[in-house]
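Residue numbering for the sequence shown follows our numbering, beginning at 595 and increasing consecutively. These notes concern the structure reproduced below.
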Amino acid sequence: MKKKDIKILLVDDEQDILEIVGYNLTQEGYKIVTASNGKEAIAVAKKERPQLIIMDVMMPEMDGMEACENIRKIPELSNIIITFLTARSEDYSQVAGFDAGADDYIAKPIKPKLLVSKVKALLRRLKDETTSSENLNVGGIEINREEYKIVMDGREIVLPRKEFELFYLLASKPGKVFKREEILDKVWGNEVIVGGRTIDVHIRKLREKIGEDLFKTIKGVGYKFEV
595 MKKKDIKILL
605 VDDEQDILEI
615 VGYNLTQEGY
625 KIVTASNGKE
635 AIAVAKKERP
645 QLIIMDVMMP
655 EMDGMEACEN
665 IRKIPELSNI
675 IITFLTARSE
685 DYSQVAGFDA
695 GADDYIAKPI
705 KPKLLVSKVK
715 ALLRRLKDET
725 TSSENLNVGG
735 IEINREEYKI
745 VMDGREIVLP
755 RKEFELFYLL
765 ASKPGKVFKR
775 EEILDKVWGN
785 EVIVGGRTID
795 VHIRKLREKI
805 GEDLFKTIKG
815 VGYKFEV
């Protein structure tokens, strides 16, 4: 996908942030749309269908966490890449962000060149999806790469992008032991800096959403990981 075809939604209640970030990304060739709060972000996302949302956490009317959770519940928007750009860099805040369905968490302040680099790394996943679209069927579990869903015994389980990619990775290599560094590289990209608890949070969420029985089934046919 060419840069001119990539649409990025910037969400922040501070106009100067929208202007600065928007200017730097526009200079890179991306198309930029904006919103000033979470409620507006949902409406703009429905209309514009961006590939990436960069969103502040603390905003009026509806904060970023709630907006992210709501966007993930909308089928046609559930696979949008979402990253928070916020001054709240505490571990518990980052964990809350991942729990809300975010793909990444970028702390303010950040230099424009580094922000652009991280945006490129996030958008690289769009290319990865087009080259890694093979569906898997293992142990009676169907994993649909294109629709981001898992089917087991007729039961459909829909996962957010990062949780699905993590699950897909574990299920794609029978008998392979995945180390933390490799998981971060394959799922998050080696240019994206994430907190040390990122994998732990996503593994916990996978266990909660797909159930221990399904998780044990995957491990039972030879899938292991080291974190």
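Glycine included, every Cβ here is placed at the ideal spot set by N, Cα and C. Since the model is a prediction, treat every value here as computed from it, not as a measurement.
Note down the Cα distance separating residue i from residue j, rounded to an integer number of angstroms.
{"i": "I665", "j": "I648", "result": "13 Å"}
{"i": "K712", "j": "L646", "result": "12 Å"}
{"i": "I611", "j": "K625", "result": "16 Å"}
{"i": "K702", "j": "L679", "result": "6 Å"}
{"i": "K707", "j": "L778", "result": "22 Å"}
{"i": "I735", "j": "K756", "result": "19 Å"}
{"i": "V615", "j": "N731", "result": "42 Å"}
{"i": "R627", "j": "N618", "result": "According to the sequence as given, residue 627 is Val; it is not Arg. Between V627 and N618, the C-alpha separation is close to 13 Å."}
{"i": "Q660", "j": "E670", "result": "This sequence places Glu at residue 660; Gln is not what is there. E660 and E670: Cα-Cα distance of roughly 18 Å."}
{"i": "S766", "j": "L800", "result": "16 Å"}
{"i": "V795", "j": "Y742", "result": "19 Å"}
{"i": "R791", "j": "Q609", "result": "32 Å"}
{"i": "V710", "j": "R718", "result": "12 Å"}
{"i": "K641", "j": "F692", "result": "25 Å"}
{"i": "L603", "j": "Y762", "result": "27 Å"}
{"i": "E802", "j": "A681", "result": "29 Å"}
{"i": "K714", "j": "R749", "result": "36 Å"}
{"i": "D747", "j": "N729", "result": "17 Å"}
{"i": "T620", "j": "V771", "result": "41 Å"}
{"i": "W782", "j": "E655", "result": "31 Å"}
{"i": "I737", "j": "K598", "result": "32 Å"}
Does DSSP put residue i in a helix, a strand or coil?
{"i": "T725", "result": "Per-residue confidence for T725 stands at a pLDDT of 46, beneath the threshold of 50, marking its modelled position as unreliable; no derived number is given."}
{"i": "M649", "result": "strand"}
{"i": "N664", "result": "helix"}
{"i": "E736", "result": "strand"}
{"i": "A765", "result": "helix"}
{"i": "E655", "result": "coil"}
{"i": "R718", "result": "helix"}
{"i": "A629", "result": "strand"}
Tell me, to the nearest whole angstrom, how far the beta carbon of residue i is from that of residue j; I am working on the premise that it is less than 8 Å.
{"i": "K601", "j": "P644", "result": "4 Å"}
Which first and last residues belong to the alpha helix (DSSP H) in which residue i is found?
{"i": "V795", "result": "T792 to I804"}
{"i": "L679", "result": "Run containing L679: none in the alpha helix (DSSP H); it sits in the beta strand (DSSP E), I675 to T680."}
{"i": "D610", "result": "Q609 to Q621"}
{"i": "I704", "result": "Premise fails: I704 is in no alpha helix (DSSP H) and is neither H nor E."}
If you follow the beta strand (DSSP E) that residue i is in, where does it begin and where does it stop?
{"i": "I744", "result": "K743 to M746"}
{"i": "I700", "result": "D698 to A701"}
{"i": "E750", "result": "R749 to V752"}
{"i": "I777", "result": "Element bounds for I777: not the beta strand (DSSP E) but the alpha helix (DSSP H), R774 to I777."}
{"i": "K601", "result": "K601 to V605"}
Are the beta-carbon atoms of residue i and residue j separated by less than 9 Å?
{"i": "L764", "j": "I804", "result": "no"}
{"i": "A696", "j": "I676", "result": "yes"}
{"i": "G623", "j": "G658", "result": "no"}
{"i": "A635", "j": "V605", "result": "yes"}
{"i": "A639", "j": "I674", "result": "yes"}
{"i": "L760", "j": "I797", "result": "yes"}
{"i": "D607", "j": "D650", "result": "yes"}
{"i": "R774", "j": "I744", "result": "no"}
{"i": "E663", "j": "A694", "result": "yes"}
Flag residue i as yes if its beta-carbon sits less than 9 Å from any beta-carbon of chain D, otherwise no.
{"i": "A701", "result": "The chain labelled as chain D is not found in the depicted structure, where only one protein chain is given."}
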